[in-house]
Amino acid sequence: MLDKNGIAKRIAQEVKDGYYVNLGIGIPTLVANFVRDDIDVDFQSENGVLGMGPFPFEGEEDADIINAGKQTITTLAGASFFDSALSFSMIRGKHVDLTILGAMEVSENGDIANWKIPGKMVKGMGGAMDLVASAENIIVAMMHTNKRGESKLLKRCSLPLTGVGCVKKIVTNLAVLDVTENGFKLLERAPGVSVDDIKNATEGSLIVEGEIPEMN
Amino acid sequence: MINKKVDNVTLALQGVKDNMTLMLGGFGLCGIPENSIAHLVKLNVKGLTCISNNAGVDDFGLGLLLQKHQIKKMISSYVGENDEFERQMLSGELDVELIPQGTLAERCRAAQAGFPAIYTPAGYGTEVAEGKEIREFDGKMHVLEYAFKADFAFVKAWKGDEAGNLVFKGSARNFNPNMCGAAKITVAEVEELVPVGTLDPNHIHIPGIFVQRIFQGEVYEKRIEQLTVRQR
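Each protein sequence line maps, in turn, to chains A and B. Just add 830 to wherever you are in the first sequence, counting from 1, and you've got this note's numbering. Just add 126 to wherever you are in the second sequence, counting from 1, and you've got this note's numbering.
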């Protein structure tokens, strides 16, 4: 079974040379730590930064330079700043190659719910609805089950949706799966996790074809 | 040169009244019009509808207006980090319309650019699209979203000149340029107001035509919401 860093590390393998990547808050943010340093990747932050770098050294923080999580950041050589409309032009116009975000639920047809729990304080969707409605390549990073042990990979989402039919790939603490026309297709198992463990933790249709390799 | 300079925040906010709709730039506490917000508190105008990506924190940004119950309705994409906001929202005192961030930006830009509405794929199939016109383009579904109509836009820039030309810094740019010229009156506050001719025309982010009033803010706290650093 993977921890959050393990999920991020596996997703980092999906980040290819020349990609512009938008990372959501939570596990997706960790992906940047594991991207190979022999490839060129630019990270976009929807509040208006392309070419995000690491956190600043203490004392070098600048209140005017933050990421979408409102954290102080730095920029790398070749970075740029821009307004919010242009930022979402990059996203909506499909100029961003890969979007990685967290989710509360994903359904077998690729619907995603990650912004609202009825009865609880709603903070808002931020840029998530724009990202999922437009990106061609969306990977969801999440735990396979919620805190109550219930599956987050469902036939249909029970929570209010963020977007419909948009998720292509899911990496959880248990498995790597593709979202296909016929349901969740199991591609890889996390170390020490059996196909049966994954079946038991998946409510939606799970397609298992042949031997399922352990991820490396 | 058409001079847009006003001497102080009092003159800059002249004409702001109860029940108006205001646009306010900023992302979190980054790039917010601090001086204009402080003066809105002082004016004690009530029943405001505020279009702003976020609603500040309890004791800074738009949170200051919430504390004094000056806001009737917020139109935002994300409103966490504010207990008073939550209390007013749950008690029904405050009306909240949550919309996707890109839609918020584009509804501002549409108003600025003279488009009555735009089609966006964001929110299709979700509760955000309920009751809205849906149209298919190239096999993909889109939601009709209208341009905002606002009385005042309050924006904050790094530098500006007396002609109203603006230059922003870092990610403090965010929604500010999109709100310029998107309301009946745009008020720009800047950290540094310079004489005309000082700014290189090649480096202007927003031309003065989109700005009606410009003033230099007295003080900028520029509070950091999430200080994150790494070890040397």
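No residue lacks a Cβ here, since even glycine has one placed at the ideal position from N, Cα and C. This structure is a prediction, so every number in the text was calculated from the model and none was measured.
- Under the Cβ criterion (8 Å, minimum of three pairs), the stretch 199-214 of chain B counts as touching the stretch 162-178 of chain B.
- Against chain A, the beta carbon of Ile350 of chain B has neighbours under 7 Å at Glu891, Ala893, Thr902, listed in chain order.
- Chain order gives the chain B residues near Glu876 of chain A as Gln227, where near means a beta carbon separation below 7 Å.
- Lys946 of chain A is a Cβ neighbour of Leu989 of chain A, given a cutoff of 8 Å.
- At a C-beta separation below 8 Å, Ala308 of chain B has no neighbours in chain A, since its nearest C-beta there lies roughly 10 Å away.
- Ala943 of chain A is classed as buried because its beta carbon has at least 16 other beta carbons within 10 Å across all chains shown.
- Among the bridge pairs identified by DSSP, Phe1014 of chain A is matched with A:Val1009, A:Leu1036.
- When only Cα atoms are considered, Val1009 of chain A and Leu928 of chain A end up about 16 Å apart.
- Around the beta carbon of Arg978 of chain A, fewer than 16 other beta carbons sit within 10 angstroms, so the residue counts as exposed.
- Shown here for Tyr849 of chain A: same chain residues with a beta carbon closer than 7 Å to its own, the five before and five after excluded, namely Val871, Asp927, Leu928 in chain order.
- Between the alpha carbons of Met267 of chain B and Val222 of chain B lies a gap of roughly 26 Å.
- When 8 Å is used as the limit between beta carbons, Pro990 of chain A is near these residues of chain B: Thr252, Glu253, in chain order.
- The stretch 314-328 of chain B makes no contact with the stretch 1022-1038 of chain A: fewer than 3 CB pairs, one atom from each, lie closer than 8 Å.
- Taking CB atoms only, Ser964 of chain A has a neighbour in chain B less than 8 Å away.
- Contact annotation, Phe153 of chain B with Asn877 of chain A: C-beta distance approximately 4 Å; criterion of less than 8 Å satisfied.
- Counting the other Cβ atoms within 10 Å of the Cβ of His331 of chain B gives 16 or more, which makes it buried.
- Among the CB atoms of chain B, one or more fall inside 8 Å of the CB of Pro884 of chain A.
- Here the alpha carbons of Cys306 of chain B and Glu844 of chain A stand approximately 39 Å from one another.
- Ile921 of chain A and Gly228 of chain B do touch by the CB rule: their CB atoms are close to 6 Å apart, below 8 Å.
- Boundaries for Asp277 of chain B: no alpha helix (DSSP H) harbours it, while the beta strand (DSSP E) harbouring it runs 276-287, taken from the DSSP string.
- Look at Lys953 of chain A: its C-beta is under 8 Å from a C-beta on chain B.
- Secondary-structure assignment with DSSP links Ser875 of chain A through a beta bridge to A:Val879.
- Taking the CA atoms as reference points, Phe864 of chain A sits about 43 Å from Phe241 of chain B.
- Between the C-alpha atoms of Val1023 of chain A and Asp833 of chain A there is a straight-line separation of about 13 Å.
- The C-beta separation of Ile930 of chain A from Leu853 of chain A comes to about 5 Å, placing the pair in contact by the 8 Å criterion.
- For Ile1042 of chain A, no CB of chain B lies under 8 Å from its own CB, so it is not counted at the interface with that chain.
- Apart from the 5 residues on each side of it in sequence, Arg235 of chain B sits with its Cβ closer than 6 Å to the Cβ of Asn304 in its chain, given in chain order.
- At the C-beta level, Ile857 of chain A and Gly883 of chain A stay beyond 8 Å of one another.
- For secondary structure counted as the beta strand (DSSP E) over 3 or more consecutive residues, the stretch 199-258 of chain B holds these complete runs in sequence order: 221-224, 243-246.
- Going by DSSP, Arg840 of chain A is part of the alpha helix (DSSP H) stretching over 834-842.
- In this structure, DSSP gives Glu344 of chain B a state outside helix and strand, which the three-state scheme calls coil.
- Residues of chain A with a Cβ closer than 9 Å to the Cβ of Cys156 of chain B are, in chain order, Asn877, Ala893, Asp894, Ile895, Ile896, Lys900.
- For Gly189 of chain B, the secondary structure class from DSSP, reduced to helix, strand or coil, is helix.
- Just so you know, the alpha carbons of Ala308 of chain B and Lys275 of chain B end up roughly 8 Å apart.
- When DSSP reads this structure, Cys156 of chain B sits in a beta bridge with B:Phe153.
- In this model, Asp287 of chain B and Phe211 of chain B are separated by some 36 Å (Cα to Cα).
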